[in-house]
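K.L.:
One structure, pasted below without further comment.
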Amino acid sequence: MTTPDKVRLSTNADLDVSPIGYGGMALSHVYGGGLTSEAARDVIDQAIDAGITFIDTADIYGEPRPGTEGPAGTNEEMLAPLLAKRRADVQLASKFGITGVPLSAGEGAKPGKSGVDGRPEYVRSAAEASLRRLGVDTIDLYYLHRPDPNVPIEETVGAMAQLVDTGKVRHLGLSEVTSDELRRAHATSPITAVQSEWSLWSRDVEDHVVPACAELGVGFVPYSPLGRGFLTGTLTKEQVAGDFRSHTARMGAGWDDNQKALTALADVAAETGASHAQVVLAWLRAKGEQYGLTVVPIPGSRKSSRMIENLGCVEVSLTEAHIDALDGIARAVTGGRNIVPNPEWISGGRE
1 MTTPDKVRLS TNADLDVSPI GYGGMALSHV YGGGLTSEAA RDVIDQAIDA GITFIDTADI
61 YGEPRPGTEG PAGTNEEMLA PLLAKRRADV QLASKFGITG VPLSAGEGAK PGKSGVDGRP
121 EYVRSAAEAS LRRLGVDTID LYYLHRPDPN VPIEETVGAM AQLVDTGKVR HLGLSEVTSD
181 ELRRAHATSP ITAVQSEWSL WSRDVEDHVV PACAELGVGF VPYSPLGRGF LTGTLTKEQV
241 AGDFRSHTAR MGAGWDDNQK ALTALADVAA ETGASHAQVV LAWLRAKGEQ YGLTVVPIPG
301 SRKSSRMIEN LGCVEVSLTE AHIDALDGIA RAVTGGRNIV PNPEWISGGR E
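Numbering of the sequence shown is given in full-length UniProt numbering, commencing with residue 1 and proceeding in unit increments.
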């Protein structure tokens, strides 16, 4: 496969990225034991060589160190030696705003420890901390990970815009915002991208957020585009038994029913000769064309071979009949996409 051309993420910014990105969260402990830092960097290194240059991390990702509070920062620290060698080769995205572990759905979780902070002073301190951990002077795309319900989004984005003015950040993004929050933020300072969950079985963003992005020229970066691994057709119950996914409605009690819901995906994969993952990612790219906006999914994997396979989605052509068949999957899925009890944790709970 030849190295694919980059895409312009937004009409509001000159940020060109690979057609799919690399979701760095998967390299850490969140889905059970993560890779060593050296092994994780090796995986990313090979992905970059293949043409996946849009690297996504966040200050909350990674294993928290004993006795520390707030964002772990260890996923960012893991990336630093790689960035020291390959900063010019990548488009770097990170996120701030979640101040504690939000996964209150699984065993051993600590309800009440999660939270968000969008105060201007926190914006500045979080950015400085991320820059220090990453070992870089500038972050290409800096997201607000979740809006703070106690701080007007205009105040948070205003402080983020100051980071652009001082050269510490190049472009601004938002994660899990409603269409109203996006419009208010964009009126304050141009927003380059929205990152929210969007996939064959998570489509609530199509009601309001995706159309708003298309209207404003904002790119969309779907996280968990492969349904946290479920949509690849390669995951087993045993593989998720040791992490939070087994405690969610979709991948716990709804596992068997949702496997049956993927029949159409298996059929399309067989007809196109593509993997399940390639079909799912090609579907997202096709939906972007339908809505008239750039869509750059950020799947993650601990194997470079999987990421290179994922990149093959750019060569998969789906017919209208394929897309119609895939569109019907969401109606057969059991369980919503939220991974915590708080419905407002995702944009669909606030629309």
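Yeah, the Cβ is synthetic: ideal placement off N, Cα and C, and Gly gets one too.
1. Cα-Cα, which of ARG285, HIS186, VAL210 and ASP49 is closest to ALA88?
2. The beta strand (DSSP E) that contains LYS303, what's its start and end?
3. Under 8 Å: do the region 291-299 and the region 16-28 share three or more Cβ pairs, one atom per stretch?
4. Using 10 angstroms around the beta-carbon of ALA270, count the other beta-carbons present and answer buried if the total reaches 16, otherwise exposed.
5. Please classify LYS168 as buried or exposed, where buried requires at least 16 other C-beta atoms within 10 Å of its C-beta.
6. According to DSSP, simplified to helix, strand and coil, what is ASP56?
7. Taking the beta strand (DSSP E) that HIS171 belongs to, which residues open and close that run?
8. Quick check: LEU311 and GLY51, are their CB atoms within less than 9 Å of each other?
9. Using CA atoms only, rank isn't needed, just tell me which of LYS6, ASP42, LEU27 and GLY349 is closest to residue 352.
10. Work out the CA separation of GLU69 and PRO111 for me, nearest whole Å.
11. Which parts of the region 181-216 are runs of the alpha helix (DSSP H), unbroken and 4 residues or longer, counting only runs that do not cross its ends?
12. So, for LYS260: in the same chain, excluding its five sequence neighbours on each side, which residues have a beta-carbon less than 7 Å away from its beta-carbon?
13. Quick check: the Cα distance between SER179 and LEU318, rounded to an integer number of angstroms?
14. Do the region 247-259 and the region 314-328 make contact, defined as three or more Cβ pairs closer than 8 Å?
15. Leaving aside the five residues before and after THR11 along the sequence, list all residues of the same chain whose C-beta is less than 7 Å from its C-beta, in chain order.
16. Residue ranges of each beta strand (DSSP E) run of no fewer than 3 residues wholly in the region 213-241, ordered along the chain?
17. Could you pull the start and end residues of the beta strand (DSSP E) that TYR291 belongs to?
18. State the beta-bridge partners of ALA93 as determined by DSSP.
19. Assign GLN195 to one of two classes, buried (16 or more other C-beta atoms within 10 Å of its C-beta) or exposed (fewer than that).
20. Using a Cβ-Cβ cutoff of less than 6 Å, which residues in the same chain neighbour residue 429 once the five nearest sequence positions on both sides are dropped?
21. Going by CA-CA distance only, name the one from ALA266, ARG41 and THR248 that's closest to ALA325.
22. Does the region 77-93 come within contact of the region 128-147, defined as at least 3 CB pairs closer than 8 Å?
23. Only counting the same chain, and skipping five residues up and downstream in sequence, which positions put a Cβ closer than 6 Å to that of PRO190?
24. Along the chain, where does the beta strand (DSSP E) that runs through GLY118 open and close?
25. Buried or exposed for residue 367, please, with buried defined as at least 16 other CB atoms from any protein chain shown within 10 angstroms of its CB.
26. Taking the Cβ atom as the reference point for each residue, do ARG44 and GLN91 lie within a distance shorter than 9 Å?
27. How do the region 199-215 and the region 232-244 stand: do at least 3 beta-carbon pairs fall below 8 Å, yes or no?
28. If you follow the alpha helix (DSSP H) that GLY158 is part of, which residue opens it and which one closes it?
29. Let me see if you follow: with CB-CB separation under 9 Å, is GLY254 close to chain C or not?
30. Using the rule of at least 16 other Cβ atoms within 10 Å of the residue's Cβ for burial, across every protein chain shown, is LEU172 buried or exposed?
31. Mind checking who ARG8 pairs with in its DSSP beta bridge?
32. What does the Cβ neighbour count give for ARG342, buried or exposed, with the cut at 16 atoms within 10 Å?
33. Would you mind working out which of THR2, GLY21, ASP140 and TYR31 sits nearest residue 365, comparing C-alpha positions?
34. Around the C-beta of ASN150, are 16 or more other C-beta atoms found within 10 angstroms, so that it is buried, or is it exposed?
35. Considering just the uninterrupted stretch of the beta strand (DSSP E) at GLY21, what are its terminal residues?
P.N.:
Checking against the coordinates, here is how it stands:
1. Counting from 1 along the sequence shown, the entry for residue 88 is found at position 88. Comparing Cα-Cα distances from ALA88 to each of ARG285, HIS186, VAL210 and ASP49, the minimum goes to ASP49.
2. For the purposes of this step, residue 303 is taken as residue 303 along the sequence shown, with counting starting at 1. DSSP places LYS303 in no beta strand (DSSP E); its state is neither H nor E.
3. Yes, the region 291-299 is in contact with the region 16-28.
4. For the purposes of this step, residue 270 is taken as residue 270 along the sequence shown, with counting starting at 1. Burial state of ALA270 is exposed, judged by a 10 Å Cβ sphere holding fewer than 16 other Cβ atoms.
5. Against the sequence shown, residue 168 aligns to sequence position 168. The residue is buried, with at least 16 neighbouring Cβ atoms inside 10 Å.
6. Against the sequence shown, residue 56 aligns to sequence position 56. Here ASP56 sits in strand by DSSP.
7. Within the sequence shown, numbered from 1, the residue matching residue 171 stands at position 171. That run of the beta strand (DSSP E) goes 169-175.
8. Residue numbering aside, residue 311 sits at position 311 when the sequence shown is read from its first letter. Residue numbering aside, residue 51 sits at position 51 when the sequence shown is read from its first letter. Remark: C-beta atoms of LEU311 and GLY51 approach each other more closely than 9 Å.
9. This structure does not reach residue 352, given that the chain is present from 1 up to 351, and the question cannot be answered.
10. To locate residue 111, count along the sequence shown from 1; it is residue 111. To locate residue 69, count along the sequence shown from 1; it is residue 69. Legend: pLDDT at PRO111 = 39, less than 50; position of this residue unreliable, value from coordinates given subsequently. Counting only the Cα atoms, GLU69 lies some 14 Å from PRO111.
11. You should have 209-216.
12. Here residue 260 refers to the residue found at position 260 of the sequence shown. Taken in chain order, the list of residues that qualify is empty.
13. Stepping through the sequence shown from its first residue, residue 179 is reached at position 179. Stepping through the sequence shown from its first residue, residue 318 is reached at position 318. When rounded, the distance between both Cα atoms is 29 Å.
14. Remark: fewer than three beta-carbon pairs, one from each stretch, lie closer than 8 Å, so the region 247-259 and the region 314-328 are not flagged as touching.
15. In the sequence shown, residue 11 corresponds to position 11, counting from 1. Apart from the 5 residues on each side of it in sequence, THR11 sits with its Cβ closer than 7 Å to the Cβ of GLY217 in its chain, given in chain order.
16. Positions of the beta strand (DSSP E) runs, each at least 3 residues long and wholly inside the region 213-241, are given as 219-223 in order along the chain.
17. Against the sequence shown, residue 291 aligns to sequence position 291. Here TYR291 belongs to no beta strand (DSSP E); instead the alpha helix (DSSP H) covers 276-291.
18. Residue numbering aside, residue 93 sits at position 93 when the sequence shown is read from its first letter. BP columns for ALA93 point to ASP56 and LEU141.
19. Position 195 of the sequence shown, counted from the first residue, corresponds to residue 195. With 16 or more other Cβ atoms from the protein chains shown falling within 10 Å of its own Cβ, GLN195 counts as buried.
20. Because residue 429 is not part of the residues shown, which for the chain are 1 to 351, the question remains open.
21. In the sequence shown, residue 325 corresponds to position 325, counting from 1. Residue ALA266 is the option with its Cα nearest to ALA325.
22. With the cut-off at 8 Å, the region 77-93 and the region 128-147 touch.
23. Against the sequence shown, residue 190 aligns to sequence position 190. So the list reads ASN12, once near-sequence residues are dropped.
24. Here residue 118 corresponds to residue number 118 of the sequence shown, with the count starting at 1. That residue, GLY118, is in no beta strand (DSSP E); it is neither H nor E in DSSP.
25. This structure does not reach residue 367, given that the chain is present from 1 up to 351, and the question cannot be answered.
26. Residue mapping note: residue 44 aligns to position 44 of the sequence shown, counting from 1. Residue mapping note: residue 91 aligns to position 91 of the sequence shown, counting from 1. It should be pointed out that residue 44 corresponds to Ile in this sequence rather than to Arg. Taking the C-beta atoms as reference points, GLN91 is found no nearer than 9 Å to ILE44.
27. Contact fails: fewer than three Cβ-Cβ distances are below 8 Å.
28. Within the sequence shown, residue 158 is the residue found at index 158, counting from 1. From DSSP, the alpha helix (DSSP H) with GLY158 extends over 153-165.
29. Looking at the structure shown, chain C is missing, and only one protein chain is on hand.
30. Position 172 of the sequence shown, counted from the start, is the residue given in the question as residue 172. It is buried - the Cβ of LEU172 has at least 16 other Cβ atoms within 10 Å.
31. Counted from its first residue, the sequence shown places residue 8 at position 8. ASP16.
32. Here the question's residue 342 lines up with position 342 in the sequence shown. The sequence shown places Asn at residue 342, not Arg. Answer is exposed; the Cβ neighbour count stays below 16.
33. Given that the chain is displayed from residue 1 to residue 351, the structure contains no residue 365 and the question cannot be resolved.
34. Here residue 150 corresponds to residue number 150 of the sequence shown, with the count starting at 1. By the Cβ neighbour-count rule, ASN150 is exposed, with fewer than 16 other Cβ atoms within 10 Å of its own.
35. Against the sequence shown, residue 21 aligns to sequence position 21. GLY21: member of the beta strand (DSSP E) spanning 21-23, first to last residue.
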